[in-house]
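Residue numbers (my numbering), protein chains in the order written: chain A, 1 to 281; chain B, 282 to 651.
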């Protein structure tokens with residue numbers, strides 16, 4: 001009898017894998033469908049029109065069009081009821097594509113998001129920090145043009161540098177590259193610091209509370225916690241992303257960051273704008 | 282309790298005897314209240330059993346965490362009192378625990394009351410505290426049932442924030458079921474993850490103050506052992522109902538590599554099929570998450586090794602006679618240091634467990650005297 005169940009389980013999972021591949025191949029926007037797995041499966045099977053989606057070629061737009069797009073992106077940002085102050089881009093895929101990530105960062109900047117964090121759970125971006133930064137600057141020129149790049153300046157924060165509280169230029173964005181070390185390891189380091197202070201009689205155990213720990217873990221007094229994390233990839237987990245900071249973060253999943261479009265990003269932002277946070281009340 | 286809200290307010294103001302139909306309603310309500318237990322009795326029907334057996338052919342989560350969201354929205358939808366929504370939510374919890382046992386899931390953690398929820402209206406908070414008190418009292422009356430199922434109840438959170446009588450009831454329930462080990466129910470009450478992590482750091486600092494550990498002994502593993510959930514493995518699967526897609530300060534440390542499933546169904550409407558859907562998601566994510574967890578564990582072990590090595594190098598520098606030791610001596614010193622660190626840590630954790638146990642037994646003896 002056990003073998004029968006095992007066989008049926010295998011059949012079930014093969015069907016699910018086929019279903020998943022089907023979705024990935026035809027890029028059906030299922031993230032809005034929160035219904036039962038079977039209703040999703042049925043719906044997917046009933047949409048043969050998906051077959052007619054051709055692969056779209058990326059054209060380099062004329063400079064005039066660039067300006068138009070830049071203003072549209074800015075207007076889009078202003079049209080939303082709420083925009084995240086700090087967005088996290090969690091890449092849960094094995095092969096990161098730097099150009100696509102750079103595009104996402106530039107679009108976030110253009111839409112008006114002030115703080116952008118990029119994360120992967122292998123620490124690949126952290127190790128290739130400079131390559132990512134170069135790619136972002138390149139895409140900034142490409143997508144926003146020279147004028148736009150001047151207007152939307154970007155500040156890169158690497159580990160250890162404090163964001164200076166100088167006068168903020170209009171549309172300045174801060175980009176930070178994160179790795180798992182910024183999560184639990186950072187909390188442990190803060191704990192060690194506090195315990196050392198106790199060892200040296202500078203503090204007592206009773207002095208330690210949420211506020212004290214939070215101030216140690218905060219990037220700077222002005223950096224907000226991530227309001228929204230966009231997760232790219234099939235894995236349903238935070239994969240160690242900043243455990244302390246994500247207590248009220250909204251998580252929106254997107255199938256992949258490869259060939260991601262502005263529309264994908266914008267619809268995620270629209271979804272975020274409609275979320276209601278009651279904060280315990 | 283369910284029937285009270287249906288009684289029209291002017292009934293009791295009339296002189297004379299209470300009508301028979303009303304008496305029946307009252308008795309029904311009272312008996313319903315007393316029949317509500319923490320784990321619903323019952324078995325799965327045929328189709329459910331079949332599906333459960335198919336699922337169990339694959340990897341199953343051993344520990345599932347629930348954020349039981351949607352009670353108030355359910356109450357609005359059904360046009361009943363908020364309190365009724367919470368009561369139905371509790372019923373659904375009892376049913377879900379039954380399903381988990383049927384699916385051989387032996388550990389469940391639920392988010393019952395957040396420290397943030399104290400911000401709600403006094404009426405609602407008092408209502409929730411009263412509901413909790415009734416449930417814990419009921420629990421204590423069901424000792425045999427709990428022993429039969431081997432249920433161990435743990436309450437995670439800052440109990441000192443709760444009214445004293447509730448603290449005492451909780452302490453009695455936890456102490457009474459402490460030795461049971463067939464299945465575990467962890468109820469997060471007066472809990473937020475940040476408070477839990479800050480408390481863990483405070484406990485480690487206490488350890489340093491008491492001279493039980495050194496600040497260099499602080500590690501990810503040690504912090505994990507100082508959390509309220511230290512006696513449980515990390516949840517394999519976290520389910521949140523009602524369509525919200527955030528963690529709301531729940532088990533942030535413990536769920537960093539767990540499978541997260543967000544479902545739009547409201548908690549009081551949760552079904553066996555919703556649970557199966559979540560488990561299916563867990564099975565699809567099982568391998569990549571296992572890989573990520575293993576990788577993280579390896580990195581952790583490496584970091585600990587490096588930290589130990591640095592400490593040994595430091596010690597040798599300070600206590601040595603200036604001559605560099607050969608590789609074998611250094612290796613020996615490293616092994617000795619690691620062993621002594623582990624012993625220190627074990628003693629500290631023992632002292633911490635004793636402190637926590639004493640807090641609970643003190644509460645129970647207070648309750649006994651009262």
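Here a beta-carbon is modelled for each residue, glycine too, at the ideal position from N, C-alpha and C.
Around the beta-carbon of residue 233(A), 16 or more other beta-carbon atoms lie within 10 Å, marking it buried.
Taking residue 349(B) as the centre and dropping the five residues before and after it, the same chain places the C-beta of 370, 374, 391, 392, 522, 548 closer than 7 angstroms to its C-beta, in chain order. Contacts with chain B at 8 angstroms (Cβ-Cβ) include residue 192(A). At a cut-off of 8 angstroms between beta carbons, residue 19(A) makes no contact with chain B.
Bounds of any beta strand (DSSP E) do not take in residue 458(B), whose DSSP letter is neither H nor E.
In this structure, the alpha-carbon of residue 224(A) lies about 24 angstroms from that of residue 538(B).
For the 8 angstroms CB-CB criterion, residue 396(B) and residue 479(B) do not form a contact. Cβ-Cβ distances below 8 angstroms link residue 493(B) to 625, 628, 629, 632 in the same chain, with the five nearest sequence neighbours on each side left out; the list follows chain order. Pairing residue 78(A) with residue 387(B), the inter-Cα distance amounts to about 49 angstroms. Looking at 491(B), 439(B), 411(B), 488(B), the one whose alpha-carbon comes closest to that of residue 509(B) is 439(B). The continuous alpha helix (DSSP H) containing residue 190(A) extends over residues 184 to 199.
Look at residue 108(A): its C-beta is not under 8 angstroms from any C-beta on chain B. Counting the other CB atoms within 10 Å of its CB gives residue 1(A) a total below 16, which places it among the exposed residues. For the C-beta of residue 569(B), the chain A residues within less than 7 angstroms are, from N- to C-terminus, 235. Chain B places no beta carbon closer than 8 angstroms to that of residue 91(A), leaving this residue out of the contacts. Residue 568(B) sits exposed, since fewer than 16 C-beta atoms from the chains shown fall within 10 Å of its C-beta. Note that the C-beta distance between residue 178(A) and residue 256(A) is not below 8 angstroms. Beta-bridge annotation (DSSP): residue 388(B) is paired with 344(B), 465(B). Per DSSP, residue 173(A) is one residue of the beta strand (DSSP E) stretching across 173 to 178. If one requires a minimum length of 4 residues, the alpha helix (DSSP H) runs lying completely within the stretch 403 to 432 of chain B are 403 to 422, 424 to 430, in chain order. If only complete runs of 4 or more residues are kept, the stretch 82 to 116 of chain A shows the alpha helix (DSSP H) at 98 to 111, in order along the chain. With respect to residue 217(A), residue 187(A) sits close: the two C-beta atoms are nearer than 8 angstroms. When DSSP states are grouped into helix, strand and coil, residue 278(A) belongs to the coil group.
Cβ-Cβ distances below 8 angstroms link residue 184(A) to 240, 243 in the same chain, with the five nearest sequence neighbours on each side left out; the list follows chain order.
Beta-bridge partners of residue 518(B) (DSSP): 345(B), 540(B).
A residue is called buried when at least 16 other Cβ atoms come within 10 angstroms of its Cβ; residue 87(A) meets this threshold and is buried. The beta carbon of residue 361(B) does not come within 8 angstroms of any beta carbon belonging to chain A, so the residue lies off that interface.
In the three-state reduction of the DSSP assignment, residue 395(B) falls in the strand class.
Contacts between residue 250(A) and chain B, judged by CB atoms closer than 7 angstroms, involve 526, 527 in chain order.
According to the DSSP assignment, residue 154(A) belongs to the beta strand (DSSP E) that extends over 154 to 157.
Along the length of the stretch 474 to 535 of chain B, whole beta strand (DSSP E) runs at least 3 residues long occupy 518 to 521, reported in chain order. For residue 539(B), at least one C-beta of chain A is nearer than 8 angstroms to its own C-beta. DSSP places residue 613(B) in the helix class (H, G or I) of the three-state scheme. Remark: C-beta atoms of residue 222(A) and residue 541(B) do not approach each other more closely than 8 angstroms. Distances from the alpha-carbon of residue 338(B) to those of 13(A), 206(A), 193(A) put 13(A) closest. For residue 262(A), the three-state secondary structure derived from DSSP is helix.
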